[in-house]
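Going by my numbering, the sequence shown opens with residue 83, and the numbers climb by one from there. Don't be surprised by glycine CBs; every beta carbon is placed ideally from N, CA and C. Computed from a predicted model, the values in this text were never measured in an experiment. Report on one structure; see the data block that follows.
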Amino acid sequence: MIQLIETIYNLLWGDLITLPLPGGSSVGLSLMVLLLIPAGIYFTIRTRFLPIRLFPEMLRITVEKRTRESGALSSVQALIVSTATRVGMGNLVGVVAAISLGGAGAVFWMWVTALIGASTAFVEATLAQIYKERDPLYGGYRGGPAYFIHHFFADKRTKNKQRRSLMAVLFAISGLICWCGISQVIGNSVSSAFKNAFHIPPLYTTIVLVLIAAVIVLRKNATVKVLDILVPIMAGCYFFITVFLILKNIGQLPSVFSRIFAEAFGLRQAAAGGFGAVLMNGVKRGLFSNEAGSGSAPCAAAAAQTDHPAKAGLMQALGVFIDTIVICSCTAMIMLLAPVEAMEGLAGMDLLQAAMNYHLGSFGVVFIAATLWLFSFSTFIGILFYARPNIAYLFGDNWLSQTAYKILDLVMLFIGGMATYTFVWDLGDVGIGLMTVFNLAALYLMSGQALAALRDYEATRLKKKSDPS
83 MIQLIETIYN LLWGDLITLP LPGGSSVGLS LMVLLLIPAG IYFTIRTRFL
133 PIRLFPEMLR ITVEKRTRES GALSSVQALI VSTATRVGMG NLVGVVAAIS
183 LGGAGAVFWM WVTALIGAST AFVEATLAQI YKERDPLYGG YRGGPAYFIH
233 HFFADKRTKN KQRRSLMAVL FAISGLICWC GISQVIGNSV SSAFKNAFHI
283 PPLYTTIVLV LIAAVIVLRK NATVKVLDIL VPIMAGCYFF ITVFLILKNI
333 GQLPSVFSRI FAEAFGLRQA AAGGFGAVLM NGVKRGLFSN EAGSGSAPCA
383 AAAAQTDHPA KAGLMQALGV FIDTIVICSC TAMIMLLAPV EAMEGLAGMD
433 LLQAAMNYHL GSFGVVFIAA TLWLFSFSTF IGILFYARPN IAYLFGDNWL
483 SQTAYKILDL VMLFIGGMAT YTFVWDLGDV GIGLMTVFNL AALYLMSGQA
533 LAALRDYEAT RLKKKSDPS
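Spelled out as structure tokens, the structure:
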């Protein structure tokens, strides 16, 4: 099994094409880079640079008054659910891995991935809204790539309607694999952090984590209620602690940004691998963190009740900014403001906790352990929310399949606490890579509908502005 996972991982994330660079060096481009970067650029151009042009509108719709029916999510709640999974290990462990392997320059490529990925996030979330349907089990609405992929192929076969589409099935299965892998990453990262901070054996930490998670996720509708409270608190605390550290080390800020931009293009390397390692690790961890193009966040976007599909798309585009431009940058600043000697020879959570120990002493180590626990816990709840519509698409509307997958993920959470660091990341990367392949294929085929919704929304919005009555 491990060999199979590694083979698929290498196919998706390994160097598919190697391009020579001046000076005798080269850059390897993986299948994911070749898919995501062109897609992000394409959708950014087609939406007329939506991430920049409509950023004020994204902020405006987060505070507008709205009404919704019982059981349905608001667009802000859908953003909170998607943020719960975006703001997770990718923002801590993932950024640490990117900088460890690719140097400070990887941060720049994470930013670029977010800027162009926001347009992709808009397209996939808007399509999820267009093709959402009622959820007879949980109430409200459900949807996502499996559903809009299904509708695309069903519309093509008007004479022979199929209950399921092969491509939609493959996406749903890939998603369930991905979220099992992420569950293992959660268990592994939390047990490692608590061992470093409190010297608690991984077994005990993992048992407590699984028990608390089980109490919450095995209930019918606890997911959104918990995330509504947890996400704003955890993201806010992490952000303000980082602002405090930046102000405390304000004199170092110019040199940090200078290092990020210099290493982004391989002009100076602090880690092995040259420009290829910088680009690959930045893009890969940027994707794993903000999920743009992977098809995860549309599962939350579809659950929102909104008066126009484009609003759900704009909210999810904003979520990419929150995740990568804000929260991932916080982790990067924490690491890059600490001297290299304080973290020499370390990797993973050990590295980040060493940086926080430098900044805030033992409190910093405890703070990172607690933050990781909150981030990881919210991610686990969020991915189970994502799994709901995909399980329903594969197995129909029944509580048995829904509960069985929750139990499977709880088992994976436990196994992850004892698993090796590299393998659990590979499993998550394989799942998200396969999801991305199927999702992006559908986005290219169906993006015209999302773009039409955007044009309609902008025309309607301009009409309201010119005629306030």
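Mapping the DSSP letters down to three states, classify residue i as helix, strand or coil.
| i | result |
| --- | --- |
| GLN435 | helix |
| ALA379 | coil |
| ALA420 | coil |
| GLY510 | helix |
| ASP479 | coil |
| MET500 | coil |
| PHE347 | coil |
| GLY187 | helix |
| SER247 | coil |
| THR202 | helix |
| GLY333 | helix |
| HIS232 | helix |
| ILE282 | coil |
| LEU490 | helix |
| GLY515 | helix |
| GLU146 | coil |
| PHE131 | coil |
| GLY443 | coil |
| ALA374 | coil |
| LEU400 | helix |
| ALA353 | Annotation note: pLDDT 41 at ALA353 (below 50); position unreliable, no value reported. |
| LEU300 | coil |
| ALA532 | helix |
| LEU327 | helix |
| LEU136 | coil |
Taking the C-alpha atoms as reference points, what is the distance between residue i and residue j?
| i | j | result |
| --- | --- | --- |
| ARG164 | ALA344 | Residue identity differs from the one stated: residue 164 is Ser in this sequence, not Arg. In a straight line, the C-alpha of SER164 is about 33 Å away from that of ALA344. |
| ILE404 | HIS390 | 22 Å |
| VAL422 | VAL402 | 29 Å |
| LEU442 | LEU312 | 24 Å |
| VAL447 | THR453 | 10 Å |
| ILE463 | LEU98 | 35 Å |
| TYR487 | ILE473 | 8 Å |
| PRO218 | GLN211 | 17 Å |
| SER157 | SER274 | 35 Å |
| ASP538 | ARG168 | 29 Å |
| PRO63 | TYR475 | Shown here, the chain extends from 83 to 551; a query on residue 63 therefore has no answer. |
| CYS260 | THR324 | 30 Å |
| SER340 | LEU118 | 27 Å |
| PHE190 | LEU248 | 38 Å |
| THR129 | THR388 | 21 Å |
| GLY187 | HIS233 | 41 Å |
| SER271 | SER201 | 31 Å |
| ALA160 | ALA166 | 10 Å |
| ALA296 | ALA534 | 42 Å |
| GLN351 | VAL194 | In this prediction, GLN351 scores a pLDDT of 46, lower than 50, which makes its location untrustworthy; the coordinate-derived value is nonetheless stated afterwards. Going from the Cα of GLN351 to the Cα of VAL194 covers about 19 Å. |
| ALA279 | GLY96 | 34 Å |
| ILE87 | PRO314 | 35 Å |
| SER337 | GLN435 | 22 Å |
| LEU300 | ASN480 | 14 Å |
| PHE322 | TYR440 | 18 Å |
| MET517 | ILE231 | 12 Å |
| LEU101 | ARG135 | 33 Å |
| GLN484 | LEU419 | 45 Å |
What does DSSP give as the partner residues of residue i in its beta bridges?
| i | result |
| --- | --- |
| GLU215 | ARG224 |
| ASP97 | SER112 |
| LEU155 | ALA386 |
If we cut at 8 Å on Cβ distances, does residue i have a partner in chain D?
| i | result |
| --- | --- |
| VAL290 | This model lacks chain D altogether, as it is built from one protein chain only. |
At a cut-off of 7 Å, would you count residue i as near the ligand HEM, judging by its Cβ distance to the nearest heavy atom?
| i | result |
| --- | --- |
| ALA541 | Looking for the ligand HEM in the displayed structure turns up nothing, as the structure carries no ligands at all. |
Give me the Cβ distance between residue i and residue j, rounded to the nearest whole Å; I'm assuming they're in contact under 8 Å.
| i | j | result |
| --- | --- | --- |
| THR461 | ILE268 | 6 Å |
| LEU94 | MET114 | 6 Å |
| MET528 | LEU209 | 6 Å |
| GLN266 | GLY498 | 3 Å |
| ASP491 | CYS262 | 6 Å |
| GLU215 | LEU525 | That belief does not hold up - the Cβ atoms of GLU215 and LEU525 are roughly 19 Å apart, past 8 Å. |
| VAL512 | TYR91 | 5 Å |
| PHE204 | ALA399 | 4 Å |
| CYS410 | VAL177 | 5 Å |
| THR288 | PHE496 | 6 Å |
| LEU155 | ALA317 | At roughly 18 Å, the Cβ-Cβ gap does not stay under 8 Å, so LEU155 and ALA317 are not in contact. |
| TYR223 | ALA384 | 6 Å |
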